[in-house]
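Take a look at the structure below.
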Amino acid sequence: MPRTPHPRPPRRGRLLTAALTALAAAAATLAGSAPATAAEVNAARNAGYESGLSDWTCSAGSGGTVGSPVHSGSGALRATPTAADNATCSQTVAVRPSSTYTLSAYVQGSYVYLGASGTGSTDVSTWTPSATGWQQLSTTFTTGPETTSVTVYTHGWYGQPAYFADDFSVLGPDGGGGTDPGPQVPDAPGGLTAGAVTPSSVALSWTPVPGATGYTVYRDGTRYAAVSGASATVTGLAAATSYRFQVSATNAAGESARSTQITATTAPSGSGGSPSVPRHAVTGYWQNFDNGATVQKISDVPAAYDIIAVAFADATSTPGAVTFSLDSAGLGGYTVDRFKADIKAKQAAGKSVVLSIGGERGTISVNDAASAAHFADSAYALMQQYGFDGVDIDLENGLDPTYMSQALLSLSQKAGGHLVLTMAPQTLDMQSASAGYFRTALNVKDILTVVNMQYYNSGSMLGCDGKVYAQGTVDFLTALACIQLEGGLAPSQVGLGLPASPRGAGSGYVAPSVVNAALDCLTQGTSCGSFKPARTYPDLRGAMTWSTNWDAANGNAWSNAVGPHVHGLP
Numbered sequence: 007m008p009r010t011p012h013p014r015p016p017r018r019g020r021l022l023t024a025a026l027t028a029l030a031a032a033a034a035t036l037a038g039s040a041p042a043t044a045a046e047v048n049a050a051r052n053a054g055y056e057s058g059l060s061d062w063t064c065s066a067g068s069g070g071t072v073g074s075p076v077h078s079g080s081g082a083l084r085a086t087p088t089a090a091d092n093a094t095c096s097q098t099v100a101v102r103p104s105s106t107y108t109l110s111a112y113v114q115g116s117y118v119y120l121g122a123s124g125t126g127s128t129d130v131s132t133w134t135p136s137a138t139g140w141q142q143l144s145t146t147f148t149t150g151p152e153t154t155s156v157t158v159y160t161h162g163w164y165g166q167p168a169y170f171a172d173d174f175s176v177l178g179p180d181g182g183g184g185t186d187p188g189p190q191v192p193d194a195p196g197g198l199t200a201g202a203v204t205p206s207s208v209a210l211s212w213t214p215v216p217g218a219t220g221y222t223v224y225r226d227g228t229r230y231a232a233v234s235g236a237s238a239t240v241t242g243l244a245a246a247t248s249y250r251f252q253v254s255a256t257n258a259a260g261e262s263a264r265s266t267q268i269t270a271t272t273a274p275s276g277s278g279g280s281p282s283v284p285r286h287a288v289t290g291y292w293q294n295f296d297n298g299a300t301v302q303k304i305s306d307v308p309a310a311y312d313i314i315a316v317a318f319a320d321a322t323s324t325p326g327a328v329t330f331s332l333d334s335a336g337l338g339g340y341t342v343d344r345f346k347a348d349i350k351a352k353q354a355a356g357k358s359v360v361l362s363i364g365g366e367r368g369t370i371s372v373n374d375a376a377s378a379a380h381f382a383d384s385a386y387a388l389m390q391q392y393g394f395d396g397v398d399i400d401l402e403n404g405l406d407p408t409y410m411s412q413a414l415l416s417l418s419q420k421a422g423g424h425l426v427l428t429m430a431p432q433t434l435d436m437q438s439a440s441a442g443y444f445r446t447a448l449n450v451k452d453i454l455t456v457v458n459m460q461y462y463n464s465g466s467m468l469g470c471d472g473k474v475y476a477q478g479t480v481d482f483l484t485a486l487a488c489i490q491l492e493g494g495l496a497p498s499q500v501g502l503g504l505p506a507s508p509r510g511a512g513s514g515y516v517a518p519s520v521v522n523a524a525l526d527c528l529t530q531g532t533s534c535g536s537f538k539p540a541r542t543y544p545d546l547r548g549a550m551t552w553s554t555n556w557d558a559a560n561g562n563a564w565s566n567a568v569g570p571h572v573h574g575l576p
């Protein structure tokens, strides 16, 4: 969420066009891909960046190596695009003519590309729009009959943040140019333990294995899922039931033996779960700062709002931990005691008050087991200190789905099943169920109250029918909501997030009547634009706005119109 009244909109135009073109090319390439065999060699040199940028060249001095984050070993590539340079880092490798190679690398960041050029045949590339943790990109290419060298590369996108790459490989026949050793099958993981449990999930963790590029989790002897990190949350389980778990390590050479088996039992039914939020609810963000909108106390927030998200908690010097401090001076002398009393009064009136974590400038990072524990401990301490009902996750700089899920499940256990958990991802975060934010929402579906995606400051995006829709229209709201509704979230876990006034966001404001039309289209199949969903979702949770303060500055026009409409949904 923006803390300034006029945030700078992302540059989406050329990015979206290029991204869609690249996605189509990647899909065509991946359709024919096949994994390299263990007997083949890695034609890339300094493939793990353990020797700095030796053998690599980065455009415009954009690249360097770092000791953290790394996928394995002691080094990884960090390359930073600018407005005029996409931070291409490349290497020319020796290959055999008329031969097939598998190109892969592990990457982190937004809009990271992997490709090969000069193949003498069809040049290839693949990409990821958002890798908040290490994600493997992979594709194949076949060299021409006279091709003896190929340029392989990674790059980011203009004006985007730095990206990371590690464990680069070009697996295929030895071209005679010097190689990194081919991978060996990793050892079996050790230290498998069960952590947080709910009535339908078990959190697992284990000791990382050197040389492993991924892991496979087994439940009761059957493959459950492949993951990249040394932890996973197994969902979809029955309450009060014992399950057996194992895990194996994988890389390009193959899969290890399975770990020692452990047994974990899910919690009894009713020990986790759904707080008392109305079937159709309105969420509003309350600003703990003055940015030109109306300054409010919690008691000033209109009764139309069922969930009030206090913005924002901030990071501390401890990784993963969060803190909150009321801006009493900036809010006209609003005291902590009055703040706490106002929260209690709202709760007595049947409302929920949650602490929003992150925002436009938030830098909270939960990317390992320790930071996940710090997050859960500190968030729960703030809930106890101020009386918050739960938390809202509004991390606009990416998140690690494995460890954020672990943190939220642990927080749920501490809260005793009465946690109100909301999320406010950006549109890009929910374009695919494989994106980190979407995966997190699905991982914690058992304890999730609602995802209020931000349908603003976005630019055009894809709808669930594969068509591109411009923001600021009823079709944009309905076609993008459809992705979540058909991608695994329950309708009761989906809400529409919009600005309360034109001043509340840089772009994407729509009149309250458009919000109401989208709600009717999704719940009843009426008032739709050109896009009409294949079915209706009468349990849709409702709508959200940034913010109650901007709403007040606009005469509460948003809550006066959208509030009664949400509460009147069938």
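Count along the sequence shown starting at 1, add 6, and that's the number in the numbering used here. Positions of the beta carbon are idealized from the N, C-alpha and C atoms, including for glycine.
Bridge partners for Cys534 per DSSP, in chain order? Answer by DSSP bridge pairing: none, since Cys534 is not bridged.
Hey, Thr329 and Asp320: beta-carbon distance below 8 Å or not? Taking 8 Å as the cut-off, the beta carbon of Thr329 is found closer than this to the beta carbon of Asp320.
Identity of the residues DSSP links to Glu402 by a beta bridge: Its beta-bridge partners do not exist; DSSP assigns none.
Are at least three pairs of beta-carbons, each pair with one atom in the region 374–386 and one in the region 339–355, less than 8 Å apart? Output reads no: the region 339–355 does not touch the region 374–386.
What does Gly178 pair with, by DSSP beta-bridge criteria? According to DSSP, Gly178 bridges with Val47.
Range covered by the beta strand (DSSP E) that runs through Pro205: First-last for Pro205: undefined, no H or E at that position.
In terms of alpha-carbon separation, which member of Gly404, Lys346 and Val223 lies closest to Pro431? The shortest C-alpha separation from Pro431 is found at Gly404.
At 3 residues or longer, what runs of the beta strand (DSSP E) sit wholly inside the region 38–120? Listed in chain order, the complete beta strand (DSSP E) runs (minimum 3 residues) inside the region 38–120 are 69–72, 82–85, 95–100 and 106–115.
Measure the CB-CB distance between Ala137 and Thr86 and report whether it falls below 8 Å. Taking 8 Å as the cut-off, the beta carbon of Ala137 is found no closer than this to the beta carbon of Thr86.
Hey, how far is the Cα of Thr71 from the Cα of Ala327? Spanning the two alpha carbons is a distance of roughly 27 Å.
Whole angstroms is fine: what's the gap from Ala511's alpha carbon to Asn463's? Put simply, the backbone Cα of Ala511 is about 7 Å away from that of Asn463.
Anticipated Cβ contact below 8 Å, Gly162 with Ala93, distance rounded: Yes, Gly162 and Ala93 are in contact; Cβ-Cβ is about 5 Å, under 8 Å.
Since Thr222 contacts Ser254 with CB under 8 Å, what's their CB separation in whole angstroms? Right, their Cβ atoms sit about 5 Å apart.
Looking at the secondary structure, which residues open and close the alpha helix (DSSP H) in which Arg229 lies? From DSSP, Arg229 is part of no alpha helix (DSSP H) but of the beta strand (DSSP E) over Thr228 to Val233.
Which parts of the region 138–181 are runs of the alpha helix (DSSP H), unbroken and 4 residues or longer, counting only runs that do not cross its ends? Those alpha helix (DSSP H) runs which fall completely within the region 138–181 and span 4+ residues do not exist here.
Please list the terminal residues of the continuous alpha helix (DSSP H) segment that includes Asp374. Premise fails: Asp374 is in no alpha helix (DSSP H) and is neither H nor E.
Using C-beta distances below 6 Å, list every residue in its chain close to Tyr55, excluding the 5 sequence neighbours before and after it, in chain order. Answer for Tyr55: Thr71, Gly81, Ala82 and Leu83, listed in chain order.
Local conformation of Thr329 per DSSP, three classes: Looking at Thr329 - three-state DSSP - the assignment turns out to be strand.
Identify the continuous alpha helix (DSSP H) that holds Thr134 and give its terminal residues. For Thr134, no alpha helix (DSSP H) encloses it; the enclosing beta strand (DSSP E) starts and ends at Val130 to Thr134.
Between Ser131 and Tyr119, how many whole angstroms is the CB-CB distance? I'm expecting something under 8 Å. So it is a contact: roughly 6 Å between Cβ atoms.
Contact between the region 355–363 and the region 406–417 (3+ Cβ pairs under 8 Å): The way I'd put it, the region 355–363 doesn't touch the region 406–417; fewer than three beta-carbon pairs between them come closer than 8 Å.
Give me, in chain order, the residues of the same chain whose beta-carbon lies closer than 6 Å to that of Thr157; leave out the 5 immediate sequence neighbours on both sides. Answer for Thr157: Ser96, Thr98, Ser123 and Gly124, listed in chain order.
Given a cut-off of 8 Å, decide if Thr479 and Leu528 are closer than it, judged by their beta-carbon atoms. 8 Å or more divides the Cβ of Leu528 from the Cβ of Thr479.
Taking DSSP as the reference, what is the three-state secondary structure of Gly442? Collapsing the DSSP output to three states places Gly442 in a helix.
Do the region 496–510 and the region 545–558 meet, that is, are 3 or more Cβ pairs less than 8 Å apart? Three or more beta-carbon pairs separated by less than 8 Å link the region 496–510 to the region 545–558, which places the two stretches in contact.
Which value, in whole angstroms, describes the spacing of the CA atoms of Tyr461 and Thr433? A direct Cα-Cα distance of roughly 6 Å separates Tyr461 from Thr433.
Taking the beta strand (DSSP E) that Gly501 falls in, what are its first and last residues? In the DSSP assignment, Gly501 falls within the beta strand (DSSP E) that extends over Val500 to Pro505.
Find the nearest neighbour of Trp292 within the set Pro570, Leu575 and Trp556, judged by alpha-carbon distance. Nearest of Pro570, Leu575 and Trp556 to Trp292, Cα basis: Trp556.
State the Cα-Cα distance for the pair Glu152 and Asp180, rounded to the nearest angstrom. Glu152 and Asp180: Cα-Cα distance of roughly 15 Å.
Since Ala6 and Val191 are thought to touch, with beta carbons under 8 Å apart, how far apart are those beta carbons, to the nearest angstrom? Nothing about residue 6 can be reported from this structure: the residues present for the chain run from 7 to 576 only.
Mind checking which residues open and close the alpha helix (DSSP H) that includes Ile304? Premise fails: Ile304 is in no alpha helix (DSSP H) and is neither H nor E.
Alpha carbon of Thr425 to alpha carbon of Gly196, nearest angstrom: Note that residue 425 corresponds to Leu in the displayed sequence, not to Thr. So the two alpha carbons sit approximately 33 Å from each other.
Taking Cys470 as the reference, give the member of Thr446, Tyr443 and Phe537 with the closest Cα. That would be Phe537, whose Cα lies nearest to the Cα of Cys470.
Expressed to the nearest angstrom, what Euclidean distance is found between the alpha-carbon atoms of Gly514 and Met436? Their backbone Cα atoms lie some 17 Å apart in a straight line.
Does Tyr224 come out as helix, strand or coil in the three-state DSSP assignment? Three-state result, Tyr224: strand.
Just to confirm my understanding: we take Ser1, look at its own chain, exclude 5 residues before and 5 after, and list those with CB closer than 8 Å. What are they? Because the chain spans 7 through 576 in this model, residue 1 falls outside it and cannot be assessed.
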